[in-house]
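In the working numbering, the protein residues as written are 174 to 423.
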Ligand SMILES: [Zn+2]
């Protein structure tokens, strides 16, 4: 049995047996893993509110040989998402981060850039201020997974978009120019292409000094979300919740 203590982000829990829970954790050192938290559903004494999705914790767990689940002994809260007001938009954004991380990360594969991305967007996801962190996270996770196509040139002819819009489709990777779009293509505005470029060059703290209303870069969110769903080969439930906010993410 190997005891570990690791910084981690709680992604999801499932009830199991009478009072236990399976917990999906994104640990900084060992990547995503699943553990069993005994009696956590019955007694909140050991875990308190630490198993709420997107809680940043210090997790103590024991690995057993030839067993897939670790035994989660305790979780100390470092930062809880519940320490700040939660409105519907913030709850939907947090659920979106948790679902995307759960679905994209392979087990037992440490991904420190993704861990730092998650902490950065968590810090900036506040009630009434979700569109920058959702956009920033969507773009960066797509890029860190290696799924972000060239945003500067037409996939078909190689021409640079050079200040004009680009076009994308739900079923295909990459962007095309005005000439090579088809009836199913949707536009990605020049302003959104420029926003994407700035997101890849700046920290979220720098960008947070600007206004990010819901309409800003909505086409960019749709583009990255379609890309994520295509690579994951499934719909993201949390994206539908974000869409109910009246945004264009779905
Ligand atoms: Zn073209």
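Each residue gets a CB set at the ideal place from its N, CA and C atoms; glycine is no exception.
- Between the alpha carbons of residue 380 and residue 236 lies a gap of roughly 41 Å.
- The continuous beta strand (DSSP E) containing residue 197 extends over residues 193–200.
- Sorted by position in the chain, 327, 329, 330, 332, 349, 350, 352, 353 make up the residues whose C-beta lies under 6 Å from a heavy atom of ligand 1.
- Taking all protein chains shown into account, residue 176 has fewer than 16 neighbouring C-beta atoms within 10 Å of its C-beta and is therefore exposed.
- Spanning the alpha carbons of residue 277 and residue 318 requires a straight line of approximately 8 Å.
- Excluding five sequence positions before and after residue 212, the CB atoms of its chain that fall closer than 6 Å to its own CB belong to 192, given in chain order.
- With contacts defined by Cβ atoms closer than 8 Å, residue 393 and residue 369 form a contacting pair.
- Pairwise C-beta distances place the stretch 239–246 out of contact with the stretch 258–277, as fewer than three of them are shorter than 8 Å.
- Its Cα nearest to that of residue 174, the residue 240 stands out among 240, 214, 203, 372.
- Rounded to the nearest whole angstrom, the CA to CA distance from residue 205 to residue 281 is 5 Å.
- In this chain, the beta strand (DSSP E) harbouring residue 246 covers 243–252.
- With fewer than 16 other Cβ atoms inside 10 Å of its own Cβ, residue 190 counts as exposed.
- For secondary structure counted as the alpha helix (DSSP H) over 4 or more consecutive residues, the stretch 339–397 holds these complete runs in sequence order: 363–374, 377–380.
- Considering only 306, 180, 223, the residue with the shortest C-alpha distance to residue 386 is 306.
- DSSP places residue 292 in the helix class (H, G or I) of the three-state scheme.
- Within the same chain, Cβ atoms closer than 7 Å to the Cβ of residue 225 are found at 183, 253, 254, 255, the five residues on either side in sequence being excluded.
- Segment contact: the stretch 319–335 against the stretch 344–360, three or more CB-CB distances shorter than 8 Å; contact assigned.
- Distance from the CA of residue 229 to the CA of residue 356, rounded to the nearest whole angstrom, comes to 45 Å.
- Under the three-state reduction of DSSP output, residue 238 falls in the coil class, being neither helix nor strand.
- Ranking 316, 267, 179 by CA distance to the CA of residue 294 puts 267 first.
- Within 10 angstroms of the beta-carbon of residue 376 lie fewer than 16 other beta-carbons, which makes it exposed.
- Collapsing the DSSP output to three states places residue 186 in a strand.
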